[in-house]
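As structure tokens, the structure follows; a few thoughts come after it.
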Amino acid sequence: MTSKKPATLAVRAGINSDKHHGAVIPAIHLSSTYALKGFNEKRQFDYSRTGNPTRSTFGQAIADLEHGAVGIVTSTGMSAVHLLCQLLKTEDTVVIPHDCYGGSYRLFTHLEKRGQFKVIVVDQNDKRALTQALERKPKLVLVESPSNPLLRLVDIEKITKKCHAVGALVAVDNTFLSPLLQQPLLLGADIVFHSTTKYINGHSDVVGGVLVTKEQALGEQLAWWANCIGITGSPFDSYLALRGLKTLPVRMKQHQENANEVAKYLKDHSAIKAVYFPGLTEHPGHEIAKRQQSGFGAMMSFEIKGGIEAVKILFDKLALFTLAQSLGGVESLISHPSTMTHAGMEIEAQIAAGITQSLVRISVGIEDVQDIISDLEQALLASQI
Ligand SMILES: *Cc1c(COP(=O)(O)O)cnc(C)c1O
Numbered sequence: 020m021t022s023k024k025p026a027t028l029a030v031r032a033g034i035n036s037d038k039h040h041g042a043v044i045p046a047i048h049l050s051s052t053y054a055l056k057g058f059n060e061k062r063q064f065d066y067s068r069t070g071n072p073t074r075s076t077f078g079q080a081i082a083d084l085e086h087g088a089v090g091i092v093t094s095t096g097m098s099a100v101h102l103l104c105q106l107l108k109t110e111d112t113v114v115i116p117h118d119c120y121g122g123s124y125r126l127f128t129h130l131e132k133r134g135q136f137k138v139i140v141v142d143q144n145d146k147r148a149l150t151q152a153l154e155r156k157p158k159l160v161l162v163e164s165p166s167n168p169l170l171r172l173v174d175i176e177k178i179t180k181k182c183h184a185v186g187a188l189v190a191v192d193n194t195f196l197s198p199l200l201q202q203p204l205l206l207g208a209d210i211v212f213h214s215t216t217k218y219i220n221g222h223s224d225v226v227g228g229v230l231v232t233k234e235q236a237l238g239e240q241l242a243w244w245a246n247c248i249g250i251t252g253s254p255f256d257s258y259l260a261l262r263g264l265k266t267l268p269v270r271m272k273q274h275q276e277n278a279n280e281v282a283k284y285l286k287d288h289s290a291i292k293a294v295y296f297p298g299l300t301e302h303p304g305h306e307i308a309k310r311q312q313s314g315f316g317a318m319m320s321f322e323i324k325g326g327i328e329a330v331k332i333l334f335d336k337l338a339l340f341t342l343a344q345s346l347g348g349v350e351s352l353i354s355h356p357s358t359m360t361h362a363g364m365e366i367e368a369q370i371a372a373g374i375t376q377s378l379v380r381i382s383v384g385i386e387d388v389q390d391i392i393s394d395l396e397q398a399l400l401a402s403q404i
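For what it's worth, this note's numbering labels the leading residue of the sequence shown as 20, then goes sequentially.
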């Protein structure tokens, strides 16, 4: 199947796999347990924490899209991140980006405080800092590109080569783009993971995660741990995420078309200090994005003039954007990283990462783009009075 184009893989995932009834869409298997054929004669599945047909179909679909060997479906995006920690011993070092998802930052830094491993937080575009970090021979390097919330880009192929040279594994958080727009394993990474809560499910009604390894052995090791600690995803969530996946190609097209219009509109607006969107030619990561992604995605952030007071008015006046955490659903969302998604980061760490009080992040939905822009227009005007 992997020779097919991503849109085909996404739509066809699991179709025609029902041998009993010929159901076009694979059934949802809620059973927690499976009968043995006889004494000591196991079938493919025996217990749903370990393996479940619905979850397995969804995991394989993402593994195919990411060109990986093993796909492990987890209960949340964070449990996929946590699963990575099973690769680390107390004497090991992990390198994380200074502007990664707030929850990932919180997890790694707090586990370090408990003595589970050592963490180095670096700006991965700062060559000297990265070289110094790699000199400490980390076991694992986490990459997030584009990053959350500032949409910074990291050259995945380049950083992977450097990491492999010191024996480090590279794991990429691909949540912001989905496997449709970026395939980190093809750029050399060892592991790619997603919060399927976002674009993959796409309808803001599932919290879930998935992790894909390039190599079979590493995948089996991590699948063993996922079962051992009991973080595998539920059949119902897997079913919904698989359903969402089928429309990911068309959703992404519309998300991107709308985001492009919104970015063009915001970029010259008198109420805006700066827009962070890799699709803009002036974005510092634009060239890398063009090279390693097959689209610019639909996430962006911007700084509004007038500080926190203007931010409050903006949120209050917007009617079409919902003020909420999360992203990647069909509906447009707006958030304030400093007090919401990145509240788990100490204020000093936020400042170091460039997250200011006037920074606002938007997930551009697939509503009519003229309505989205009109809504921003009236709210931005009100914010500047
Ligand atoms: C949301 C998110 C996560 C965490 O996923 P959950 O499903 O909320 O646990 C990790 N990384 C990124 C980039 C995210 O946006």
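We put the CB at the ideal spot given by N, CA and C, even for glycine.
query	result
Residue-chain proximity (Leu206, chain B), Cβ-Cβ < 8 Å	Included in the structure is just one protein chain, with no chain B present.
At least three beta-carbon pairs within less than 8 Å, the region 69 to 77 to the region 249 to 264	yes
Residue ranges of each alpha helix (DSSP H) within the region 293 to 358, 4 or longer	305 to 311, 326 to 336
Uninterrupted alpha helix (DSSP H) stretches inside the region 197 to 274 (no shorter than 4 residues)	197 to 200, 235 to 248, 254 to 265
Opening and closing residue of the alpha helix (DSSP H) in which Val43 lies	Where Val43 is concerned, there is no enclosing alpha helix (DSSP H), given that its DSSP letter is neither H nor E.
Contact check, Ala362 vs Leu172, beta carbons under 8 Å	no
Cβ-heavy atom distance, Phe195 to ligand 1, below 7 Å	yes
Complete runs of the beta strand (DSSP E) confined to the region 133 to 186 [at least 3 residues]	137 to 141, 159 to 163
Residues that DSSP places opposite Thr112 in a beta bridge	Lys137
Thr300 burial status per 10 Å Cβ neighbour count (16 or more: buried)	exposed
Whole-angstrom distance between Ile323 and Lys292, CA atom to CA atom	6 Å
Length at least 4, wholly inside the region 51 to 88: the alpha helix (DSSP H) runs in chain order	72 to 84
Gly87 to Phe334 span [Cα, whole Å]	41 Å
Test item: CB-CB of Ala338 and Gln403 under 8 Å	no
Residue from Glu386, Val379, Ala343 whose Cα sits closest to the Cα of Phe296	Val379
Candidates His40, Ser75, Cys119, Leu103, of which the one nearest Trp244 by Cα	Leu103
C-beta atoms of Gly348 and His222 nearer than 8 Å	yes
Assigned secondary structure, Met20 (DSSP; H/G/I helix, E/B strand, else coil)	Only weak support exists for where Met20 lies, its pLDDT of 47 falling under 50; the coordinates are left without a value.
Classification of His39 by the beta-carbon crowding that lies within 10 angstroms, buried from 16 upward	exposed
C-beta atoms of Gly78 and Met364 nearer than 8 Å	no
Cβ contact (3+ pairs, closer than 8 Å) linking the region 148 to 159 and the region 91 to 108	yes
Asp192 - partner residues in DSSP beta bridges	Glu163, Phe212
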